[in-house]
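Undergrad: Line order of the protein sequences matches chains A and B.
Okay, so the first sequence: first residue is 1 according to my numbering, each after it adds one.
Okay, so the second sequence: first residue is 1 according to my numbering, each after it adds one.
We put the beta carbon where it would ideally sit given N, CA and C, even for glycine.
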Amino acid sequence: MALLTPVTDEDGAPFWEYTARGELRIQACAAPDCGELRFPPRPCCPHCQSFDSEWRLMSGRGRIWSYVLPHPPLLPDYAELAPYNAVLVELADAPRIRLAGNVVAAPDAPLNSVDPARLRIGAAVKVAFTEIDGVAVPRWLLERG
Amino acid sequence: MLKDATAIVGIGQTPFAKQLPESEKTLACRAILAALDDAGIAPSEVDAFASYTMEETDEVEVAKAIGAGDVTFFSKVGYGGGGSCATVGHLAAAVASGQATVGVAWRSRKRGSGPRPWKNTAVQLPTPGQWTRPFGLLRPADEIGMLARRYMHEYGATRDHLFNVALACRNRANQNPAAMMYERPLTREMYMTSRWISEPLCLFDNCLETDGALACVIVSAERARDCRQKPVYVHSVAQGLPAQHHGMVNYWNDDPLSGPAWTAARHLWKQADFGPEDIDVAQIYDAFTPLIPLSLEGYGFCGRGEGAAFTEGGALEIGGRLPLNTGGGGLSEAYVHGFNLINEGVKQLRGVSTAQVPDAATCLVTAGEGVPTSAILLRS
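#1: Measuring only the C-alpha atoms, how far is G328 of chain B from V249 of chain B?
#2: Please confirm if the stretch 42-60 of chain A is in contact with the stretch 102-117 of chain A, defined as three or more CB-CB distances below 8 Å between the two stretches.
#3: Count the other CB atoms within 10 Å of the CB of P260 of chain B; is the residue buried (16 or more) or exposed (fewer)?
#4: Mind listing the chain A neighbours of D385 of chain B? Cutoff is C-beta to C-beta under 8 Å, in chain order.
#5: Quick check: the Cα distance between G320 of chain B and Q356 of chain B, rounded to an integer number of angstroms?
#6: Less than 8 Å between C-beta atoms, sequence neighbours within five positions excluded: which residues of the same chain meet that for I132 of chain A?
#7: Confirm, please, whether the CB-CB distance from G12 of chain A to P41 of chain A is below 8 Å.
#8: Could you give the first and the last residue of the continuous beta strand (DSSP E) run that contains R63 of chain A?
#9: Would you decide whether S380 of chain B is buried or exposed? Buried here means 16 or more other CB atoms lie within 10 Å of its CB.
#10: Quick one: which chain B residues come within Cβ less than 7 Å of G101 of chain A?
#11: Starting from C85 of chain B, trace the alpha helix (DSSP H) both ways and give me its first and last residue.
#12: Taking DSSP as the reference, what is the three-state secondary structure of T26 of chain B?
#13: Can you find the residues in the same chain that come closer than 7 Å, C-beta to C-beta, to M1 of chain A, ignoring five residues on each side of it along the sequence?
#14: Return the residue from the list A:A82, A:L119, A:L99, A:L81 that minimises the CA-CA distance to L88 of chain A.
#15: Which ranges would you report for the beta strand (DSSP E) in the stretch 214-253 of chain B if only whole runs of at least 3 residues count?
#16: Against chain B, with Cβ distances strictly below 8 Å, would M1 of chain A count as a contact?
#17: Following the continuous beta strand (DSSP E) through Y52 of chain B, name the residue where it begins and the one where it ends.
#18: Over what stretch of residues does the beta strand (DSSP E) that includes P138 of chain A continue unbroken?
#19: At the 8 Å Cβ level, is R30 of chain B part of the contact set with chain A, yes or no?
#20: Quick one: list the residues of chain B neighbouring W65 of chain A, beta-carbon separation under 9 Å, in chain order.
#21: Answer with yes or no whether the minimum CB distance from R4 of chain A to chain B is below 8 Å.
#22: Over the uninterrupted beta strand (DSSP E) stretch that includes E80 of chain A, give me the two end residues.
#23: How is the alpha helix (DSSP H) around K64 of chain B delimited, first residue to last?
#24: In the DSSP assignment, what residue or residues form a beta bridge with R133 of chain B?
#25: Beta-carbon of Q19 of chain B versus every beta-carbon of chain A: anything under 8 Å?
#26: Does T8 of chain A come within less than 8 Å of chain B when only Cβ atoms are used?
#27: Can you pull the chain A residues whose beta carbon is under 8 Å from the beta carbon of S198 of chain B, in chain order?
#28: Strictly below 9 Å CB to CB, what residues from chain B border V137 of chain A?
#29: Looking at the unbroken beta strand (DSSP E) that takes in E199 of chain B, where does it start and where does it end?
#30: Report whether the distance from the Cβ of D38 of chain B to the nearest heavy atom of the ligand MG is below 7 Å.
#31: In the DSSP assignment, the alpha helix (DSSP H) including S295 of chain B goes from what residue to what residue?
#32: So what's A261 of chain B in DSSP terms, helix, strand or just coil?
#33: Checking 8 Å against the spacing of the C-beta atoms, do Y285 of chain B and T210 of chain B come in under that value?
#34: A17 of chain B to G212 of chain B, Cα distance in whole Å?
#35: Can a CB atom of chain A be found closer than 8 Å to the CB of Q130 of chain B?
#36: Determine which residues of the stretch 87-111 of chain B have a Cβ less than 7 Å from any Cβ of chain A, and write them out in chain order.
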């Protein structure tokens, strides 16, 4: 199985360096009077135009904002898993920051390991990480209860 | 002022099919020469070209092939299907400001027989794809499906609303002998039992895959009076790239359900002598059915969250509140990145559409929604 791995750029690289350590961090403005989070990463702050940034640790909790269930035609390695889910998670720490991802039964489980009937908008999820071709990729687990 | 300073005086197209034997360059030349012939203007008079990205025939090749004269204006608008109407806008600005006199906009594409662009992962993976592609959001249908499900959740929109859109387009295509879906009716049962592409979107929520080309010719309003065809005036034009927008996956601004249409619409109406209530017929970009309710809201035909309900009661059919995509649109006539919507708008205002709205005098044409977009208001 060869899912796509992120081809990153200078702005996005820190995100993936932190995931390799098991941390979900989001870029934030480091100017003293600003501190706004921003995603996707970029060189300067859209609120105050500062070029100083830091990467703030997130709790890893969020809610499903929306989701789709892709069916073929798809790239071959995704077609094998279809229908799988792709979700957009809004972070509990920053609801306007939304991350694309997948809800899985366990961190290393395949993209189709959760019954789609269990997915709903608003469902609470928690981040986990799995390694694909040397890259630590975030996955999402449904929270109990 | 750009308002009514220029007019579309010629339109041309090739046949539409899943597979055409000729090259994109040949198809482009055929469409452009047909449009010039329609206008009664010699190719040697063309001095301006406009196209939009993902167009692989460039102005150098086209100008040389058709025998254009010296070209003094050319532009290529970004973001694929979002650029269709902007080509008309750029040429209108060029002609109105004296940079050129005869402008040609075109689209030639072999999408029916060619490769799917999303399969090229080398192109798709770098920024912004690093945030979506690895998670299996591979195709535009997946990206728009995400917005569609959220929209359905927030506003009670249903698959029946999306069917209303697919049906209106198919019904118009059934009247249009040039459409790929001519004489191929759609029923609710066919829609509801069709295969999924990306749930909640099924086969009939997706546009066609088409080989074909189209073109149109733009001149000054003064020159237009001497052309063969009744002029169709470019009344207002706008592009839209909203604050904090991001590619097609507009998931990271404050409100992903108010897309680029909202930005384009604000400028479009500000420049116009009339408003949404005065539009006789609309050609709204329909790569996917959910783009219609989202665009109906963005362009002000109804309030926020009311786009799905707007489609009820035959509103989008001939005789309805807002006849939509009267050639069949991207869903049922041809998917040529929205250029067929421009030419169909011209046909309506000439009074020669195969699904003619009686006395149509105003038409909104829009480009791809979700991506940085553009729109034009046409009037007779």
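TA: The short version:
#1: 26 Å
#2: no
#3: buried
#4: Nothing about residue 385 of chain B can be read from this structure; chain B reaches only from 1 to 380.
#5: 13 Å
#6: L3, T5
#7: yes
#8: 61-70
#9: buried
#10: F135
#11: 84-96
#12: helix
#13: Low local confidence applies: a pLDDT of 48 at M1 of chain A is under 50, so the model's placement there is unreliable, with the coordinate-based value given in what follows. D77.
#14: A:L99
#15: 232-240
#16: Here the model assigns M1 of chain A a pLDDT of 48, short of 50, so the residue's position is not dependable, and the following value carries that caveat. No, because no Cβ of chain B sits closer than 8 Å to the Cβ of M1 of chain A.
#17: 48-52
#18: 135-142
#19: no
#20: M146, R150, Y251, P256
#21: Note that residue 4 of chain A corresponds to Leu in the displayed sequence, not to Arg. Yes - at least one Cβ of chain B is within 8 Å of the one on L4 of chain A.
#22: Per DSSP, E80 of chain A belongs to no beta strand (DSSP E) and is neither H nor E.
#23: 59-66
#24: Answer by DSSP bridge pairing: none, since R133 of chain B is not bridged.
#25: no
#26: yes
#27: V68, L69, P70, H71
#28: P134, F135
#29: 196-199
#30: Questions concerning the ligand MG fall outside what the structure shown contains, since it holds no ligand whatsoever.
#31: 291-298
#32: helix
#33: no
#34: 7 Å
#35: yes
#36: none
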